[in-house]
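Q:
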Amino acid sequence: MEFQAIKKETRILSPADSTNKSIPSEIRLDPLTGRSARICHFMELKWEKPDFEAMIKGTEKTCPFCSGRVLEITPRFPEEIIPEGRLTKNDMVLFPNIAPYDSLGAVAVMGDRHFIPMTEITPGKIKNGFLLSMEFFKRVDELKHPEAVYHIINWNFMPPAGSSLIHPHLQVFSTSSAPNLMRYEMDSAKKYLEENGTNYWDDLIRIETEDKLRFLGRIGRSSWLTNYAPMGVAGDVLAVVNGVCSTLELSDKDLSDIADGLTRVMTGYDKMGIYSFNMNFFTGAKDDEHARFHLLFSPRTFFNQALGATDVGALRNLFNETICMAFPEDINKMLKDDF
Ligand SMILES: [Zn+2]
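Per my numbering, residue -15 is the first one in the sequence shown, and the count goes up by one each step.
1) If the criterion is Cβ atoms closer than 8 Å, does the pair A21 and T306 meet it?
2) Cβ of F141 within 7 Å of any heavy atom in ligand 1?
3) Tell me where the alpha helix (DSSP H) around M170 begins and ends.
4) Would you kindly check if the distance between the Cβ of K270 and the Cβ of L232 is under 8 Å?
5) Which word fits L88, buried or exposed, when buried means at least 16 other C-beta atoms lie within 10 angstroms of its C-beta?
6) Using 10 angstroms around the beta-carbon of T46, count the other beta-carbons present and answer buried if the total reaches 16, otherwise exposed.
7) For a test of the three-state rule: what should DSSP assign to K5, helix, strand or coil?
8) Please report the straight-line C-alpha distance between F99 and M250, rounded to a whole angstrom.
9) Under 7 Å: does the beta carbon of H129 sit that close to some heavy atom of ligand 1?
10) Which of helix, strand or coil does DSSP assign to K270?
11) Could you give the distance in angstroms between the alpha-carbon of I7 and the alpha-carbon of I(-4)?
12) Within the same chain, show all residues whose beta-carbon is closer than 7 Å to that of G333, passing over the 5 residues directly before and after it, in chain order.
13) Quick one: does the C-beta of E44 sit closer than 7 Å to a heavy atom of ligand 1?
14) Consult DSSP for I150 and reduce its assignment to one of helix, strand or coil.
15) Considering only residues of the segment 243 to 314, which uninterrupted beta strand (DSSP E) runs meet the minimum length of 3 residues and lie entirely inside it, listed in chain order?
16) How far does the alpha helix (DSSP H) with S235 in it reach, from first residue to last?
17) Pull up the DSSP beta-bridge partners for S87, would you.
18) Hey, would you say D187 sits closer than 8 Å to S282, going by beta carbons?
19) Taking L71 as part of the beta strand (DSSP E), name the residues at either end of that continuous run.
20) Below 6 Å CB to CB, which residues in the same chain sit around L13 once its five sequence neighbours on both sides are set aside?
21) Does the Cβ-Cβ distance between K111 and S240 come in under 8 Å?
22) Nearest by alpha-carbon distance to F157: which of L55, L78, N164 is it?
23) Helix, strand or coil for L197, going by three-state DSSP, please let me know.
24) Could you tell me the alpha carbon to alpha carbon distance between E32 and S207, rounded to whole angstroms?
25) Measure the C-alpha to C-alpha separation of H25 and T3 and round it to an integer number of angstroms.
26) With 8 Å as the threshold, decide whether the Cβ of L88 is near any Cβ in chain C.
27) Could you check where the beta strand (DSSP E) with R22 kicks off and where it finishes?
28) Could you pull the start and end residues of the alpha helix (DSSP H) that R(-5) belongs to?
29) As an exercise, report each continuous beta strand (DSSP E) stretch of at least 3 residues that is fully enclosed by the segment 99 to 152, in chain order.
30) Just tell me which of V296, D254, E194, F277 has its CA closest to the CA of I315.
Below, the structure written as structure tokens:
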């Protein structure tokens, strides 16, 4: 396993006195896939949190997920999928996604409360949301539904992360069609196993734990680290669950541990003024020995907050080339206290 980086240097002349200035940057290659990620535009990872009260004012009036409305206006699954139509747990409810991108898609609303600041999301709330989603996955798995192959939870939290609603909710789907990067990773991990006789993720965690530069900590079977070749402008956090190939193998304890770790990461990023994130499950299919269940937490923010300029530009959107504005080893130091 190689942690390759191509170091670059840009020389520019100052407009005032033509003195030389040198600006470094780095292109890192993901050790598994070779996907390149640029570390550049170095700046202090510090943003201003907005006036949340002004931002959310009035949004509850039309929110389809607020209690009193959610059971009135959200659709129900057909009887052959979920006989009771929707799944519920405490004040949480799971129903079909009305904007599906696959045939078995659901939305899980994470309770009654319309707006929860990132730092007030508790491990218990996250775990309950995951448990409700797991119930959906188990149901479609028991049905032997042809789409019950990869069971995925995605989370877009707050509008900078692409959430069209303030009300916290999870995107929950089962699919036989692995999304791009997940498929790419799995193909590469399969090749890695064939060539090396070992699981890539097991090797990665062993190396990262010894190396310590990006390792954050271990909670139960889950190991947490800042990603070597991150996708987010403020880095990403990767969590790998030891011994687990696919989502349905996650135990109750694993879900608690993941929920705990996620809130620690949120606490760390909150200190940088970040209030929005994406989180995706990456899973193999059942018995995929080359796979390991892992998730990526990627904070979302702005290139220009005052103008609402998103942190995804042409480089990322059309080349899928990413920019991170600090070294993951330095981001690790900012997050480590909370682990
Ligand atoms: Zn709401």
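By construction, the Cβ of each residue, glycine as well, lies at the ideal position given by its N, Cα and C atoms. Keep in mind it's a predicted model, so treat the numbers as computed, not measured.
A: To lay it out plainly:
1) Counting from 1 along the sequence shown, the entry for residue 21 is found at position 37. Counting from 1 along the sequence shown, the entry for residue 306 is found at position 322. Yes. Within cutoff.
2) Residue numbering aside, residue 141 sits at position 157 when the sequence shown is read from its first letter. Checking every heavy atom of ligand 1 against the Cβ of F141, none is found closer than 7 Å.
3) Locating residue 170 in the sequence shown gives position 186, where the first residue counts as 1. Element bounds for M170: 164 to 180.
4) Working through the sequence shown from its first residue, we reach residue 232 at position 248. Working through the sequence shown from its first residue, we reach residue 270 at position 286. Contact flag set, yes.
5) To locate residue 88, count along the sequence shown from 1; it is residue 104. Its Cβ being crowded by 16 or more others within 10 Å, L88 is buried.
6) Locating residue 46 in the sequence shown gives position 62, counting from the first residue. Per the 10 Å Cβ criterion, exposed.
7) Indexing the sequence shown from 1 puts residue 5 at position 21. It is a strand residue.
8) On the sequence shown, residue 99 is found 115 positions in, with the first residue counted as 1. On the sequence shown, residue 250 is found 266 positions in, with the first residue counted as 1. If I take the Cα positions, the gap works out to 16 Å.
9) If you number the sequence shown from 1, residue 129 lands on position 145. Every heavy atom of ligand 1 is 7 Å or more from the Cβ of H129, so no.
10) Numbered from 1 along the sequence shown, position 286 holds the residue referred to as residue 270. Three-state DSSP puts K270 in coil, outside helix and strand.
11) Locating residue 7 in the sequence shown gives position 23, where the first residue counts as 1. Locating residue -4 in the sequence shown gives position 12, where the first residue counts as 1. Roughly 8 Å between the two C-alpha positions.
12) With the chain running from -15 to 323 in the structure shown, residue 333 is simply not present.
13) What you label residue 44 is simply residue 60 of the sequence shown in a count that begins at 1. Answer for E44: yes, Cβ within range of ligand 1.
14) Indexing the sequence shown from 1 puts residue 150 at position 166. In the structure shown, I150 sits in coil (DSSP, three-state: anything other than H, G, I, E or B).
15) 261 to 266, 278 to 283, 286 to 288, 306 to 308
16) Indexing the sequence shown from 1 puts residue 235 at position 251. Note, S235: premise wrong, no alpha helix (DSSP H); not H, not E.
17) Translated into positions along the sequence shown, residue 87 becomes position 103. In the DSSP output, where bridge partners are listed per residue, S87 has none listed.
18) If you number the sequence shown from 1, residue 187 lands on position 203. If you number the sequence shown from 1, residue 282 lands on position 298. At the C-beta level, D187 and S282 stay beyond 8 Å of one another.
19) Position 87 of the sequence shown, counting from 1, holds the residue named residue 71. For L71, the enclosing beta strand (DSSP E) begins and ends at 71 to 73.
20) As a first step, residue 13 must be located in the sequence shown, where it is residue number 29. Only Q(-12), S20 meet the Cβ criterion.
21) Taking the first residue of the sequence shown as position 1, residue 111 is located at position 127. Taking the first residue of the sequence shown as position 1, residue 240 is located at position 256. It is a contact, given that the beta carbons lie within the stated cut-off.
22) Stepping through the sequence shown from its first residue, residue 157 is reached at position 173. Of the candidates L55, L78, N164, L78 places its Cα closest to the Cα of F157.
23) Against the sequence shown, residue 197 aligns to sequence position 213. In this structure, L197 counts as coil in the three-state DSSP scheme.
24) Sequence index remark: in the sequence shown, residue 32 carries index 48 (1-based). Sequence index remark: in the sequence shown, residue 207 carries index 223 (1-based). Cα-Cα distance, rounded: 30 Å.
25) By one-based count along the sequence shown, residue 25 stands at place 41. By one-based count along the sequence shown, residue 3 stands at place 19. Between H25 and T3, the C-alpha separation is close to 20 Å.
26) Of the protein chains in the structure, only one exists, and it is not chain C.
27) To locate residue 22, count along the sequence shown from 1; it is residue 38. If you look at R22, you'll find it in the beta strand (DSSP E) that goes 20 to 23.
28) In the sequence shown, the residue the question calls residue -5 occupies position 11. No alpha helix (DSSP H) holds R(-5); the beta strand (DSSP E) holding it covers -12 to -3.
29) 134 to 141
30) As a first step, residue 315 is located in the sequence shown; it is residue number 331 there, counting from the start. The shortest C-alpha separation from I315 is found at D254.
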